[in-house]
């Protein structure tokens, strides 16, 4: 071994490997890992060789290793971006050992990333793949560490920005006591072209798949404006709402959509319109909360010339513009009382009266209303007409919040990824496993609208051809504590430095623990806008546990 090629300490890499016994997940940085028995991998290799032949099996296993190497290369700059080029590169061999592939010893390493020059030699001891092949087939004539070679080639190629081919000059499967590999740019190998087949994609299939993805992405980018294309989901709550929408579409019934802000009420309204007999007619949307109270009647019902100062010409209102189609009244709970009375007349008589007019006009409009407030409560407070509420509430559809649709988060995120990738001209390989886990665990106070914003941000921040990582979605969210490995490879708990600093600050403040708990509880309730379930999720408690603590604090205050 070249004495200058000594491994740097691997504590930074061991911290990447984290065990989460409670969730059943193992993580290497942002990537989810699994532990597999070498006996199972040996059986897989044997089945591949016997079913598709040695050459095709070698190609598949090399490609699998190549993909693993590409992924691990992403950790080098993140982990040792401030180190020397050699220390950064040695992340790969050290990770290969940490992952249990073999004991890797650098023998020679010459590299110049700027010039594209690479010449390296490494020794492998205890290669699992050489052992597995020899166990099944005895001593063979050709090297057999296909997956490991693919890994070395993929890692180095990603690092160097060009295809680096590693070949075994000796292999334990051939009877040697260890394996020895050499890597150089594929063009510098006399037989390099013969090895390209093990690294090249199925180009025609890849191009067809890429074109198909582009078409779907372009379609998805148009769908939301036309037919509610964001209606994606299979969760029971979503399916119930979707089924109610489809049943109502074939009728003329007035529909009331309820649910939290951002759940997609307008998209449901557009889908209802698109599936109805009125699909060829206009879809007109009005946000009642965005219009000043003194203008909302003119916007909805229209005005005649001279009806008020500034009305220099007659103008049709939203009801008339929606003739033969659908009018969507969003945030209908914010309508002022005079406008509520006129809306009730429209629903009862099917006619409107422009401001300043002495005659009525018949309108043929399907009304869909939406609100994120409890209209029954508004009625009880005298803020909403009871008779109008009964007219609107003929066919209510409650759209569940995203936090109650966990199984829909991943397909929704994938749908949005395709849409924004096309919009921003990005080609991405999806989300990292950690990013998907972060999406599923997020509380989603902003619902689908918040997911839409986060995915668009992730598409913009992710590198071309890369994946969306958790930090692209949640750039200001601190990492949480994880289980890691100590230097002996044992499972060990580690706490982030931020936690230690926070605890020190609490102790230095002299605040009693009871006062601290009361302040934290109050802040969680405030951030959740009084929603105890949301506050409990922020604190990692059940709703009952939070309610008990709040009740205890109230009892203490009264004493």
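In our numbering, the protein residues as written are 2 to 560. Ideal placement from N, C-alpha and C gives every residue a C-beta, glycine not left out.
Only residues of its own chain outside the window of five on either side were considered, and among them 537 have a CB closer than 8 Å to the CB of residue 546, listed in chain order. Residue 67 places its beta carbon 7 Å or farther from that of residue 254. For the region 260-319, the continuous alpha helix (DSSP H) assignments of 4+ residues that do not extend past its boundaries occur at 266-275 and 294-302, in sequence order. Residue environment analysis places residue 338 among the exposed positions, since fewer than 16 neighbouring C-beta atoms fall within 10 angstroms of its C-beta. Between residue 433 and residue 470, the gap from beta carbon to beta carbon is short of 7 Å. Beta-bridge partners of residue 126 (DSSP): 104. Our two residues, residue 78 and residue 89, have alpha carbons roughly 7 Å apart in a direct line. Contact between residue 448 and residue 413 does not hold, since their C-beta atoms are separated by about 10 Å, which reaches or exceeds 8 Å.
In the displayed model, residue 369 falls within a strand according to three-state DSSP. DSSP places residue 427 in no beta strand (DSSP E); its state is neither H nor E. If you draw a straight line from the Cα of residue 40 to the Cα of residue 505, it comes to about 49 Å. 7 Å or more divides the Cβ of residue 317 from the Cβ of residue 306. Contact between residue 320 and residue 354 is absent: CB atoms are separated by about 10 Å, not below the 8 Å threshold. For the set 142, 164, 160 and 256, the Cα lying nearest the Cα of residue 177 is the one of 142. The criterion of a C-beta distance shorter than 7 Å is satisfied by residue 257 and residue 394. Comparing C-alpha distances from residue 163 to each of 147, 186 and 170 shows the shortest one belongs to 186.
By the CB criterion at 7 Å, residue 131 and residue 69 fall outside the cutoff. Looking only at 406, 304, 419 and 553, the smallest Cα-Cα distance to residue 359 is reached by 304. Residue 148 is positioned such that its CB atom lies no closer than 7 Å to that of residue 184.
When rounded, the separation of the alpha-carbon atoms in residue 241 and residue 507 is 48 Å. Out of 519, 406 and 92, the CA that lies nearest to the CA of residue 234 is found in 406. Taking the Cβ atoms as the reference, residue 99 lies roughly 11 Å from residue 16, outside the contact range of under 8 Å. Contact check for residue 325 against residue 282 passes: the beta carbons are separated by less than 7 Å. Going by DSSP, residue 397 is part of the beta strand (DSSP E) stretching over 396-399.
When the alpha-carbon of residue 436 is set against those of 343, 152 and 452, the nearest one is in 452.
Closest in alpha carbon position to residue 298, among 285, 261, 332 and 341, is 341.
In the displayed model, residue 21 falls within a strand according to three-state DSSP. Relative to residue 44, the option among 431, 269, 21 and 133 whose CA is nearest is 133. Under the three-state reduction of DSSP, residue 34 is assigned to strand.
Per DSSP, reduced to three states, the secondary structure at residue 196 is helical. The criterion of a C-beta distance shorter than 7 Å is satisfied by residue 376 and residue 334.
Between residue 128 and residue 444, the alpha-carbon positions lie close to 45 Å from each other. In this structure, the CA atom of residue 195 is about 15 Å from the CA atom of residue 150. At a Cβ-Cβ threshold of 7 Å, residue 42 and residue 107 do not count as neighbours. Bridge partners of residue 118 according to DSSP: 113. In this chain, the alpha helix (DSSP H) harbouring residue 349 covers 338-350.
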